[in-house]
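**Student:** One structure is given below, represented as structure tokens, and several questions about it will come after.
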Amino acid sequence: MKSLSWNVRGLGSPRAVRRLRYLIKQQNPRLVFLMETKLDKKRMEKVRKSCGLLNCIEVEAEGTHGGLCLAWKDDIEVTSRSFSKWHMDVLVKEDGNQEDWRFTGLYGSPYLRDQNLVWNLLKRLSQEGGLPRDHKRMEIFRDTLEECNLMGIGYSRVWYTWERGNLSDTNIRERLDRGVANEKWRNLFPLGSIHHFPYSTSDHCPLIINTDHASRIYRVRDFHFEVWWTMEDTFEATLKEFWESSSEPLVDKLRNLQIGLTKWANIIKGKKGELQKRLTKELESLIKEDRDDDTLRANSISKLTLDNGEEISEESAIEEEAKLYFENLFTSKGVANPREILEGIEGSISVEVNERLQAPFKEEEVRLALKGMGPTKVPGPDGFPAIFFQKYWHIVGNEVLGYCLGVLNEGREADSANSTNIVLISKVHKPTSLVNFRPISLCTVLYKIVAKTIANRMQKRTGKKGYMAVKLDMSKAYDRVEWDFIKEVMNNMGFARNWIELIMRCVTSVSYAVIINGSRGRTFKPSRGLREGDPLSPYLFLICSEGLSALMRIVKKKGLIRGAKASRKGPEISHLLFANDCMMFGEATEKGVRVLKDILQVYESCSGQCVKFGKSTVFYSTNTNEESKAAVLILLGVRSSSSPEKYLGLPNMVGKRKTKHFKIWMTESLREYRAGVLDYCP
1 MKSLSWNVRG LGSPRAVRRL RYLIKQQNPR LVFLMETKLD KKRMEKVRKS CGLLNCIEVE
61 AEGTHGGLCL AWKDDIEVTS RSFSKWHMDV LVKEDGNQED WRFTGLYGSP YLRDQNLVWN
121 LLKRLSQEGG LPRDHKRMEI FRDTLEECNL MGIGYSRVWY TWERGNLSDT NIRERLDRGV
181 ANEKWRNLFP LGSIHHFPYS TSDHCPLIIN TDHASRIYRV RDFHFEVWWT MEDTFEATLK
241 EFWESSSEPL VDKLRNLQIG LTKWANIIKG KKGELQKRLT KELESLIKED RDDDTLRANS
301 ISKLTLDNGE EISEESAIEE EAKLYFENLF TSKGVANPRE ILEGIEGSIS VEVNERLQAP
361 FKEEEVRLAL KGMGPTKVPG PDGFPAIFFQ KYWHIVGNEV LGYCLGVLNE GREADSANST
421 NIVLISKVHK PTSLVNFRPI SLCTVLYKIV AKTIANRMQK RTGKKGYMAV KLDMSKAYDR
481 VEWDFIKEVM NNMGFARNWI ELIMRCVTSV SYAVIINGSR GRTFKPSRGL REGDPLSPYL
541 FLICSEGLSA LMRIVKKKGL IRGAKASRKG PEISHLLFAN DCMMFGEATE KGVRVLKDIL
601 QVYESCSGQC VKFGKSTVFY STNTNEESKA AVLILLGVRS SSSPEKYLGL PNMVGKRKTK
661 HFKIWMTESL REYRAGVLDY CP
């Protein structure tokens, strides 16, 4: 829904009325608040009806001063609470929306003698009890907003709303017109914003309050453990009391603890409210007033463009589309027969290694896994970060150990703690498609303790011809990994059956929910894919990549492909793997290209991986002829590059002239080093 607020500075001229009609036709606001109409009721009624606004509350002008009008269309319901020559206060209810919201249009008099009356009026309108506040040394307007618990909504387009003077030396611009809201309205419309439109007949800009892309469902905020709680003297005793009073299973115990800690935190915040508000005011005085209003959350999604070109903006529709998109992405498409790949994988896991992997897990391993986690990293759906378990291990440790060792040693399912939030991080400016977001998985700390304990055990203890190098771009590398393929590869590598089953229980028990604009959507169960936030995922992806290595070994053994040599007597390198990146080397011939493409097609059909050839890049050795280069581009459909791309800040391809590529990097490093040495000179 859109609402219009405008200080029209008189509607007596036909030009001003035409401008108002044009604005209403263009923006289609459902609610219109006009100030300084300078018209009596009869003339204002004529103007209003010409704009298609049949419902209204009016305060006629006193001569040529003042005049207010609040008008609305038939598809919304407006209930008047109060009005005067300074304000209009109403409740607004939209069709299909069960919850109404409050709109207060306030006209701040330009006369100093009347301004205190206006600010006191605003305080009375928003008064809901509470003690009087100290307003010393603060501006009246800022004090009034603070006392009424109002904050800026945020705006776009020009920063000012009032302008006077056409010459540069006499031009004055100010932001006199504003939109503010309380916390409940912001929760109801989290993406609500204001647009400043160009003025013409008035020296004030029209303001459009837009809630079209905002959620109309009031959502209870998800629980989030705050680090400052740990600094409160009463927190540990409160936690111990809540914890010892419950005998439920661990996951249910944590869920009930959320309720108790939230109530405790509200009491503490109430006691510290005055200090917090004073410090907040002092901080705000150091920040530019307009800074907050200009910026909306970078990762907010106000609309999406679907594959068929249709645009959706309702948050419920966006949530459902995101769920369907990721549900499809994480759904298995079936695995081709991996026999050809498995033939190239030899058993490399010895009996001794399997015995070490299958030895009963100990308490110390669980504690070590927890200790290695970042204490304040973003938590999963339960809201408890690692610092909660680390700092209060003496209270919660026994139950956590019992749960984790039960999953690790006794074969218990991990479903109850394996729910995951998917947070979307934009990869481009103003994304309009879900493809433009990078999904980050937020797992619960309980699950991460189990997974990291397992992962810790998996760590190791102890030219005459032209050549090409192809850097592959994998589409959603982690998200497409087929679980059955990982299981088959692990089995061929020689991992013990019990160890494979333990890992697959962790992988397959996951459930997802997508976070859209801070709201958690409906959960769904995947049938493929690895999580970027899972400690096991890097190891499992390497196991998946072993399938590609196996294919390369097979064709190399058959003499169908030759790798590149780093030196004359060095070994041939056919491919390099690092994390989810892959670089393949071979002869720049039609035969070599066809073999590479066949390998990738087999690997894709079995593993679920998908190579984006259009975004992959090929590099050539200097002696590669143009005919061979053209054949490679046609057969593979990749991009050709003569200038090496960078990876982790360094060029992918260097060649003999190493000084050229590394000189800038070395110079910068030496400059920083010398600066550090000089800092310590006496």
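UniProt numbering numbers the first residue of the sequence shown as 1 and each following residue consecutively.
A virtual CB, placed ideally from N, CA and C, is assigned to each residue, including glycine.
Taking only the alpha-carbon atoms, compute the straight-line gap between SER156 and ILE554 and give it to the nearest angstrom.
**Tutor:** In the sequence shown, the residue the question calls residue 156 occupies position 156. In the sequence shown, the residue the question calls residue 554 occupies position 554. For SER156 and ILE554, the gap between their C-alpha atoms comes out near 60 Å.
**Student:** Beta-carbon within less than 7 Å of ASP89's beta-carbon, same chain only, minus the 5 sequence neighbours each way: which residues are those?
**Tutor:** The residue you call residue 89 lines up with position 89 of the sequence shown. Taken in chain order, the residues that qualify are ARG81, SER82, PHE83, THR104 and LEU125.
**Student:** For ARG102, which of helix, strand or coil comes out of DSSP?
**Tutor:** Here residue 102 is taken as the residue at index 102 of the sequence shown, counted from 1. If DSSP states are grouped into helix, strand and coil, ARG102 belongs with the strands.
**Student:** From this set, ILE543, ALA630, PHE235 and GLU241, which residue's C-alpha is nearest LYS269's C-alpha?
**Tutor:** Indexing the sequence shown from 1 puts residue 269 at position 269. Nearest option by C-alpha distance: PHE235.
**Student:** Hey, TYR447 and ALA496: beta-carbon distance below 8 Å or not?
**Tutor:** Stepping through the sequence shown from its first residue, residue 447 is reached at position 447. Stepping through the sequence shown from its first residue, residue 496 is reached at position 496. No, the Cβ-Cβ distance between TYR447 and ALA496 is not below 8 Å.
**Student:** The beta strand (DSSP E) that contains TRP162, what's its start and end?
**Tutor:** Walking along the sequence shown from the start, residue 162 turns up at place 162. Counting along the chain, the beta strand (DSSP E) containing TRP162 begins and ends at 162-164.
**Student:** Hey, would you say GLU482 sits closer than 8 Å to GLY374, going by beta carbons?
**Tutor:** Taking the sequence shown and counting its residues from 1, one reaches residue 482 at position 482. Taking the sequence shown and counting its residues from 1, one reaches residue 374 at position 374. Their beta carbons are not under 8 Å apart, which means GLU482 does not touch GLY374 by this criterion.
**Student:** With a cut-off of 8 Å, does the C-beta of GLU413 fall near any C-beta of chain B?
**Tutor:** Absence of chain B from the displayed structure is noted, only one protein chain being present.
**Student:** Rounded to whole angstroms, what is the Cα-Cα separation between PHE197 and ASP177?
**Tutor:** The residue you call residue 197 lines up with position 197 of the sequence shown. The residue you call residue 177 lines up with position 177 of the sequence shown. Approximately 12 Å, taken between the alpha carbons.
**Student:** Is GLU450 helix, strand or coil when you go by DSSP?
**Tutor:** Along the sequence shown, read from residue 1 onward, the residue named residue 450 stands at position 450. Reading off the sequence shown, one finds Val at residue 450, where the question assumed Glu. VAL450: helix per DSSP, three-state reduction.
**Student:** What's the C-alpha gap between ASN55 and VAL32?
**Tutor:** If you number the sequence shown from 1, residue 55 lands on position 55. If you number the sequence shown from 1, residue 32 lands on position 32. Taking the straight line joining both Cα atoms gives about 10 Å.
**Student:** Taking all protein chains shown into account, decide if LYS615 is buried (16 or more other Cβ within 10 angstroms of its Cβ) or exposed.
**Tutor:** If you number the sequence shown from 1, residue 615 lands on position 615. Exposed is the call here.
**Student:** Along the chain, where does the alpha helix (DSSP H) containing ARG18 start, and where does it finish?
**Tutor:** In the sequence shown, counting from the first residue as 1, residue 18 sits at position 18. Unbroken alpha helix (DSSP H) run through ARG18: 14-27.
**Student:** Could you tell me which residues DSSP puts in a beta bridge with LEU34?
**Tutor:** The residue you call residue 34 lines up with position 34 of the sequence shown. DSSP, once it has assigned bridges, lists TRP6 and CYS69 as partnering LEU34.
**Student:** Can you give me the Cβ contacts of PHE478 inside the same chain, cut-off strictly under 8 Å, excluding the 5 residues immediately before and after it?
**Tutor:** Counting from one through the sequence shown, the residue named residue 478 turns up at place 478. Just to set this straight, residue 478 is Tyr in the shown sequence, not Phe. If we look at TYR478 and ignore the five residues flanking it on each side, its Cβ neighbours are GLY529, LEU530, ARG531, GLU532, SER537, PHE541 and ASN580.
**Student:** Would you mind stating whether PHE585 and GLY570 have Cβ atoms separated by less than 8 Å?
**Tutor:** Looking up residue 585 in the sequence shown gives position 585. Looking up residue 570 in the sequence shown gives position 570. Not a contact, by the Cβ cut-off of 8 Å.
**Student:** With a threshold of 16 other CB atoms inside 10 Å of the CB of LEU18, please say whether the residue is buried or exposed.
**Tutor:** By 1-based counting over the sequence shown, the position of residue 18 is 18. The identity of residue 18 in the sequence shown is Arg, whereas the question assumes Leu. Residue environment: ARG18 is assigned as exposed (fewer than 16 neighbouring CB atoms within 10 Å of its CB, all protein chains considered).
**Student:** Does the distance from the CB of THR420 to the CB of CYS404 come in under 8 Å?
**Tutor:** By one-based count along the sequence shown, residue 420 stands at place 420. By one-based count along the sequence shown, residue 404 stands at place 404. No.
**Student:** What span of residues does the beta strand (DSSP E) with MET88 cover, start to end?
**Tutor:** Mapped onto the sequence shown, residue 88 falls at position 88. 87-94 is the span of the beta strand (DSSP E), which, as asked, contains MET88.
**Student:** Taking 8 Å as the limit between beta carbons, can you name the residues of its chain near GLU399, skipping five residues before and five after?
**Tutor:** Sequence index remark: in the sequence shown, residue 399 carries index 399 (1-based). Here the set comprises LEU250 and LYS253.
**Student:** Under the rule that 16 or more other beta-carbon atoms within 10 Å means buried, what is TYR603, buried or exposed?
**Tutor:** Your numbering for residue 603 matches position 603 in the sequence shown. Label assigned to TYR603: buried.
**Student:** So, with DSSP's three-state summary, where would you put ILE349?
**Tutor:** Against the sequence shown, residue 349 aligns to sequence position 349. ILE349: coil per DSSP, three-state reduction.
**Student:** Go to ASN398, then tell me how far its beta strand (DSSP E) extends in each direction, as first and last residue.
**Tutor:** Residue 398 sits at position 398 when you count from the first residue of the sequence shown. ASN398 -> not in any beta strand (DSSP E); alpha helix (DSSP H) instead, spanning 393-410.
**Student:** So VAL514 and PHE326 are supposed to be a Cβ contact under 8 Å. How far apart are they, rounded?
**Tutor:** Reading the sequence shown from its first residue, position 514 is the one you call residue 514. Reading the sequence shown from its first residue, position 326 is the one you call residue 326. About 6 Å separates the two Cβ atoms, so the contact holds.
**Student:** With a CB to CB cut of under 7 Å and the five nearest residues on each side skipped, what residues in its chain are close to GLU36?
**Tutor:** Position 36 of the sequence shown, counted from the first residue, corresponds to residue 36. So the qualifying residues of the chain are ASN7, VAL8, ARG9, GLY10, GLY66 and GLY67.
**Student:** Using the three-state DSSP reduction, which class does LYS565 fall into: helix, strand or coil?
**Tutor:** Position 565 of the sequence shown, counted from the start, is the residue given in the question as residue 565. Residue state, collapsed to three classes: strand.
**Student:** Flag this pair as yes or no: are the beta carbons of HIS224 and GLY380 separated by less than 8 Å?
**Tutor:** By one-based count along the sequence shown, residue 224 stands at place 224. By one-based count along the sequence shown, residue 380 stands at place 380. No, the pair does not count as a contact, with Cβ atoms beyond the cut-off.
**Student:** Indicate the three-state DSSP secondary structure (helix, strand or coil) for GLU343 in the structure shown.
**Tutor:** Numbered from its first residue, the sequence shown carries residue 343 at position 343. Coil at GLU343, not helix or strand.
**Student:** For ARG480, count neighbouring Cβ atoms within 10 angstroms of its own Cβ and tell me buried if that reaches 16, exposed if not.
**Tutor:** Reading the sequence shown from its first residue, position 480 is the one you call residue 480. With 16 or more Cβ atoms within 10 Å of its Cβ, ARG480 is classed as buried.
**Student:** Where GLN390 and GLY372 are concerned, what is the direct C-alpha to C-alpha distance, given to the nearest angstrom?
**Tutor:** Within the sequence shown, numbered from 1, the residue matching residue 390 stands at position 390. Within the sequence shown, numbered from 1, the residue matching residue 372 stands at position 372. Roughly 10 Å separates the two Cα atoms.
**Student:** Figure out for me which residue from CYS544, LEU257 and VAL227 has the closest Cα to the Cα of ALA386.
**Tutor:** Taking the sequence shown and counting its residues from 1, one reaches residue 386 at position 386. Closest by alpha carbon: VAL227.
**Student:** Using the Cα positions of LYS565 and GLU572, report the straight-line distance between them to the nearest angstrom.
**Tutor:** Here residue 565 corresponds to residue number 565 of the sequence shown, with the count starting at 1. Here residue 572 corresponds to residue number 572 of the sequence shown, with the count starting at 1. Rounded to the nearest angstrom, the two C-alpha atoms are 5 Å apart.
**Student:** So, at 7 Å on beta carbons, what are the nonlocal neighbours of ALA61 in its own chain, with the 5 sequence-adjacent residues on each side left out?
**Tutor:** The residue given as residue 61 occupies position 61 in the sequence shown. Correct list, in chain order: THR37, LYS38, LEU39, ASP40 and GLY67.
**Student:** Should PRO682 go down as buried or exposed, given a rule of 16 or more other Cβ atoms within 10 Å for buried?
**Tutor:** Position 682 of the sequence shown, counted from the first residue, corresponds to residue 682. Since pLDDT at PRO682 reaches only 39, below the 50 mark, its modelled position is unreliable, and the value read off the structure follows with that caveat. Counting Cβ neighbours within 10 Å, PRO682 comes out exposed, since fewer than 16 surround it.
**Student:** Grab the span of the alpha helix (DSSP H) containing MET493 for me, first residue to last.
**Tutor:** Position 493 of the sequence shown holds residue 493. From DSSP, the alpha helix (DSSP H) with MET493 extends over 483-493.
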